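> Read the sequence shown against our numbering and you will find it ends at 1442, with the numbers running on by one and no gaps. Positions of the beta carbon are idealized from the N, C-alpha and C atoms, including for glycine. Note that the coordinates shown come from a computational prediction; the quantities given were computed from them, not determined experimentally.
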Amino acid sequence: MRKLSNVLRDLKVLNQIIWVPRSSRLFLYGIDVPFDFSPHWLAVIAFMLQKKCFVLMWVSATESGDTFRTICDNTSLSVDQISSTNARKNLRKALHRTKCRPISWDVISARGYQVYKAACSRYDSTSEMSQVEYFSLMKHLKSFNNACVFGAFVDEELVAYIIAIPSGDRLFGYFGCFDPKYSNSYPMWSLYFNICKFAFLEGFSVFDRGVQPLKHTTNIDEFLLRIGYRMESCRSIYYAMPLLSFGFWFVSLLEIFGIKSFLGILLSDIKIIKKVINNE
1163 MRKLSNVLRD LKVLNQIIWV PRSSRLFLYG IDVPFDFSPH WLAVIAFMLQ KKCFVLMWVS
1223 ATESGDTFRT ICDNTSLSVD QISSTNARKN LRKALHRTKC RPISWDVISA RGYQVYKAAC
1283 SRYDSTSEMS QVEYFSLMKH LKSFNNACVF GAFVDEELVA YIIAIPSGDR LFGYFGCFDP
1343 KYSNSYPMWS LYFNICKFAF LEGFSVFDRG VQPLKHTTNI DEFLLRIGYR MESCRSIYYA
1403 MPLLSFGFWF VSLLEIFGIK SFLGILLSDI KIIKKVINNE
């Protein structure tokens, strides 16, 4: 019964976390996981069966790790504070050439996919979403409480946007893109600067742009560091459906306990998963 209690406790925590798809609905990323959360593996399996996904991922703060998140917690952020002359010049261009403001989901429905499609044209990627997949993701993101969209405009034309999800005192920038045709207007500079100002005015203490591996093919975070963001080291944590590891687990238990004891353990764990899924 203690195992069942622990599984139910951890499953409750997993269900309280905000999960967003990362490249696929089968891969979920937790944006607000409690520090050093280490759930029971049965709770993880039950949760993945509920969500019909294969992989869960989140990050834990640490002094050194394999990933970093780029955040802005400078609530007095201003152009004059930027030490780099070139960065100040580019940001002033961005603020002059673009106008940024919160936008409705109707604007995304009308123009969002075109901007996304143009953004994808810069990369040789096989992970580009179809129009159906894109609008399915937008519908999913819209379902989150208080999810917001911030857009950058050039002559009233939407050229870039960021979809952000609030959690606690943080505003998480989950999805963003821009039309490269408007690169000389520096729309992402304007967006990432203004969304921080917006977040702080709304009472958030941190804008979290997201997580990247230390070795990354783009330099998206370089300009962010120049306009007042900073890097926060963290450690990636993954849980996957134990299809392969189950084989090793099966063989190990057979060697240690023998077939009869193994079947008893397996039956016990299956009963726990069934009870959790059925909310018994």
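1) Would you kindly work out how many angstroms separate the C-alpha atoms of Gly1365 and Asp1331, rounded to a whole number?
2) Okay, do the stretch 1233–1246 and the stretch 1191–1205 touch, 3+ Cβ pairs below 8 Å being the bar?
3) Quick check on DSSP: helix, strand or coil for Thr1229?
4) Does Lys1214 come out as helix, strand or coil in the three-state DSSP assignment?
5) Near Glu1290, which residues of its chain fall below 6 Å by C-beta distance, leaving aside the five closest residues on each side in sequence?
6) Look up Lys1261 in the DSSP assignment and give the residues it is bridged to.
7) At which residue ranges does the stretch 1242–1309 contain complete beta strand (DSSP E) runs of 3 or more residues, listed in the order of the chain?
8) So, under 8 Å CB-CB, Ala1326 and Gly1335 are touching, yes? Tell me the CB distance rounded to an integer number of Å.
9) In whole angstroms, what separates the C-alpha of Phe1340 from that of Val1217?
10) For Ile1244, which of Arg1397, Phe1355, Gly1372 has the nearest alpha-carbon?
11) Does the stretch 1257–1271 come into contact with the stretch 1390–1406, if we say contact requires no fewer than three beta-carbon pairs (one atom in each stretch) closer than 8 Å?
12) If we count the other Cβ atoms within 10 Å of its Cβ and call it buried at 16 or more, is Val1294 buried or exposed?
13) Rounded C-beta distance between Val1221 and Arg1397? I'm assuming under 8 Å.
14) Can you tell me the Cβ-Cβ gap for Tyr1348 and Asn1252, rounded? I've got them flagged as a contact below 8 Å.
15) Taking 8 Å as the threshold (C-beta atoms), are Leu1190 and Trp1480 in contact?
16) Find the nearest neighbour of Leu1161 within the set Ala1256, Met1300, Asn1177, Leu1166, judged by alpha-carbon distance.
17) Note down the Cα distance separating Cys1215 from Ala1280, rounded to an integer number of angstroms.
18) Residues in the same chain with beta-carbon distance under 7 Å from Asn1308, minus the five sequence neighbours each way, listed in chain order, please.
19) Return the CA-CA distance between Ser1167 and Ile1193, expressed in angstroms with no decimal places.
Taking the structure as given:
1) The alpha-carbon atoms of Gly1365 and Asp1331 are separated by roughly 7 Å.
2) Not touching, per the Cβ criterion.
3) When secondary structure is reduced to three states using DSSP, Thr1229 falls in the strand class.
4) Coil at Lys1214, not helix or strand.
5) In chain order, Cys1282 place their CB closer than 6 Å to the CB of Glu1290, counting only its own chain and leaving out the 5 sequence neighbours on each side.
6) Per DSSP, Phe1315.
7) Within the stretch 1242–1309, the complete beta strand (DSSP E) runs of at least 3 residues are 1261–1265.
8) Your pair Ala1326 and Gly1335 checks out as a contact, with CB atoms roughly 5 Å apart and the cut at 8 Å.
9) Taking the straight line joining both Cα atoms gives about 29 Å.
10) The shortest Cα separation from Ile1244 among Arg1397, Phe1355, Gly1372 belongs to Phe1355.
11) Touching, no.
12) Exposed.
13) The C-beta separation of Val1221 from Arg1397 comes to about 6 Å, placing the pair in contact by the 8 Å criterion.
14) Contact flag correct, Cβ pair sits at about 6 Å.
15) Residue numbering for the chain in the displayed model covers 1163 to 1442; residue 1480 lies beyond these limits and cannot be assessed.
16) Because the chain in this structure spans residues 1163 to 1442, residue 1161 falls outside the shown range and cannot be described.
17) Cα to Cα, Cys1215 sits roughly 29 Å from Ala1280.
18) Once the five neighbours on either side are set aside, the close Cβ partners of Asn1308 are Pro1328.
19) One alpha carbon belongs to Ser1167, the other to Ile1193, and they sit about 25 Å apart.
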